[in-house]
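Trainee: Throughout, our numbering is defined as the position within the sequence shown, counted from one, plus 5. Virtual Cβ for every residue (Gly too), placed ideally from N, Cα, C. Note that the coordinates shown come from a computational prediction; the quantities given were computed from them, not determined experimentally.
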Amino acid sequence: WILDATRRLQSHPSSPNVQRFIHDLKDYPIFYIQTRKLEDFKGQDLQPCTELTIDSSTPAQLLSTFGCEIADELKAEALSAWTWDWEKILSKARIEGTDLYDPLSLISYLICYRLEWESGSWTGHDGLGQFLENLLNHDEEQFFQAIGWISKQSWYVTSTSCQGMQPALTHFDKASELIHHYICDEAGHYKFMEQVFQDINLDKDVFPVAPGTKWLLAAHKQTAVLSPLAFSAMLNLFEAAYYEGQDPISRVIKLSSRPHAAEGYDLHYKVNQEHRHCDMPLKLANFLAPQTYAHASLTLGLFELTLNILDFTEKRLAKTFQI
6 WILDATRRLQ SHPSSPNVQR FIHDLKDYPI FYIQTRKLED FKGQDLQPCT ELTIDSSTPA
66 QLLSTFGCEI ADELKAEALS AWTWDWEKIL SKARIEGTDL YDPLSLISYL ICYRLEWESG
126 SWTGHDGLGQ FLENLLNHDE EQFFQAIGWI SKQSWYVTST SCQGMQPALT HFDKASELIH
186 HYICDEAGHY KFMEQVFQDI NLDKDVFPVA PGTKWLLAAH KQTAVLSPLA FSAMLNLFEA
246 AYYEGQDPIS RVIKLSSRPH AAEGYDLHYK VNQEHRHCDM PLKLANFLAP QTYAHASLTL
306 GLFELTLNIL DFTEKRLAKT FQI
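Okay, here's the thing in structure tokens:
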């Protein structure tokens, strides 16, 4: 039945074997949600679209109109033009007979598209994990310096993100209860990273916060004010697409002479896994009305731009350790 399902996946998605296949894999981010009709949204108390004047036609225009500071070194490395297939992505979410977009379809397809894009990137090829293993085998002291740098980024994210999400309680009020629950769930996670620093005997204040990390948090805070759609989608960049197995950083730390230092990562991963934080983008999208092109294009642009920035940030870390 599995072979039959995979053969019919595109041509006959409603066939019993295909539906069984989809149901068995429903918890994995490998499918996107079919676009609904406009009448399917009627009668629901949904978050309406606000007017948005941000120009997402090019990366440079998005950066200049988004209202969020970005470091000069990131500007220099930013995309000169969009490289993703925007028409294909947006067409998957466009509501038939309108110029509006289904938020569930757009976000679910973006998550799938991200995984496909990452499969060909340094990040997707486990470039960071391989770099850390090679560094560990070459010089363990330098390895722990790299872990310190990575942990500082995680500490900054976990100590800053809750405050950055607060504006969404007002500007995305239809989902305020869920957002509040998520913020409470994330509160205090920076202590997991402080435990890592104690276990590797390093001072977190010695390590800088990378410009890419600052951009990620600042951009998400800005979306909390401007666009509930972009705010919801960008949560996927903070969480794993799916939580299974063990944290990739933890895996490498356990190969070192201080395997106990992985506990902070394991505890953080366990909370995210058990509470299924990977589902948050789509849970929030359920509260959204059909979206305008302005919000859809901002979301798509921020997704592509930020993923490239994060990929660049990881590769730059590897280059600082000449091995």
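#1: Rounded C-beta distance between Asn241 and Leu109? I'm assuming under 8 Å.
#2: With DSSP as the reference, label Leu293 as helix, strand or coil.
#3: How far does the alpha helix (DSSP H) with Arg12 in it extend, from its first residue to its last?
#4: Could you check whether the Cβ of Phe308 sits closer than 8 Å to any Cβ belonging to chain C?
#5: So which of Gly72, Ile35, Glu145, Gln158 has the shortest CA-CA distance to Thr318?
#6: With burial defined as no fewer than 16 other Cβ atoms inside 10 Å of the residue's Cβ, what is the status of Phe308: buried or exposed?
#7: Tyr3 by DSSP, collapsed to three states: which one?
#8: Tell me whether Gly217 is buried or exposed, calling it buried when 16 or more other Cβ atoms sit within 10 Å of its Cβ.
#9: Ile100 and Leu43 - do their beta-carbons sit closer together than 8 Å?
#10: Do Leu272 and Phe197 have their CB atoms nearer than 8 Å?
#11: Output yes or no for whether 8 Å exceeds the beta carbon distance between Ala83 and Leu310.
#12: Report the rounded CA-to-CA distance for Val201 versus His280, giving the unit in angstroms.
#13: Tyr195 and Ser113 - do their beta-carbons sit closer together than 8 Å?
#14: Let me know the secondary structure DSSP gives Gln39 once reduced to three states.
#15: Kindly indicate the opening and closing residues of the alpha helix (DSSP H) around Gln147.
#16: So who's on the other strand from Arg119, going by DSSP bridges?
Mentor: Taking the definition as stated:
#1: Counting from 1 along the sequence shown, the entry for residue 241 is found at position 236. Counting from 1 along the sequence shown, the entry for residue 109 is found at position 104. 13 Å between Cβ atoms; not a contact.
#2: Here residue 293 is taken as the residue at index 288 of the sequence shown, counted from 1. In this structure, Leu293 counts as strand in the three-state DSSP scheme.
#3: Your numbering for residue 12 matches position 7 in the sequence shown. For Arg12, the enclosing alpha helix (DSSP H) covers residues 7 to 13.
#4: Protein chain content of the structure displayed is limited to a single chain, and chain C is not contained in it.
#5: The residue you call residue 318 lines up with position 313 of the sequence shown. For the options Gly72, Ile35, Glu145, Gln158, the alpha carbon positioned closest to that of Thr318 is the one of Gln158.
#6: For the purposes of this step, residue 308 is taken as the residue at position 303 of the sequence shown. Taking a 10 Å sphere around the C-beta of Phe308, we find 16 or more other C-beta atoms and assign the residue as buried.
#7: Residue 3 cannot be examined here, being either before or after the span of the chain that is shown, 6 to 328.
#8: Position 212 of the sequence shown, counted from the first residue, corresponds to residue 217. Counting of Cβ neighbours within 10 angstroms places Gly217 among the buried residues, the total reaching 16 or more.
#9: By one-based count along the sequence shown, residue 43 stands at place 38. By one-based count along the sequence shown, residue 100 stands at place 95. Taking 8 Å as the Cβ cut-off, Leu43 and Ile100 qualify as a contacting pair.
#10: Locating residue 272 in the sequence shown gives position 267, counting from the first residue. Locating residue 197 in the sequence shown gives position 192, counting from the first residue. Yes, the Cβ-Cβ distance between Leu272 and Phe197 is below 8 Å.
#11: In the sequence shown, residue 83 corresponds to position 78, counting from 1. In the sequence shown, residue 310 corresponds to position 305, counting from 1. It is a contact, given that the beta carbons lie within the stated cut-off.
#12: Against the sequence shown, residue 201 aligns to sequence position 196. Against the sequence shown, residue 280 aligns to sequence position 275. Taking the straight line joining both Cα atoms gives about 22 Å.
#13: Here residue 113 is taken as the residue at index 108 of the sequence shown, counted from 1. Here residue 195 is taken as the residue at index 190 of the sequence shown, counted from 1. The Cβ atoms of Ser113 and Tyr195 do not sit closer than 8 Å to each other.
#14: The residue given as residue 39 occupies position 34 in the sequence shown. Three-state result, Gln39: coil.
#15: Here residue 147 corresponds to residue number 142 of the sequence shown, with the count starting at 1. Taken as a continuous stretch (DSSP letters only), the alpha helix (DSSP H) holding Gln147 covers 145 to 170.
#16: For the purposes of this step, residue 119 is taken as the residue at position 114 of the sequence shown. DSSP lists no partner for Arg119.
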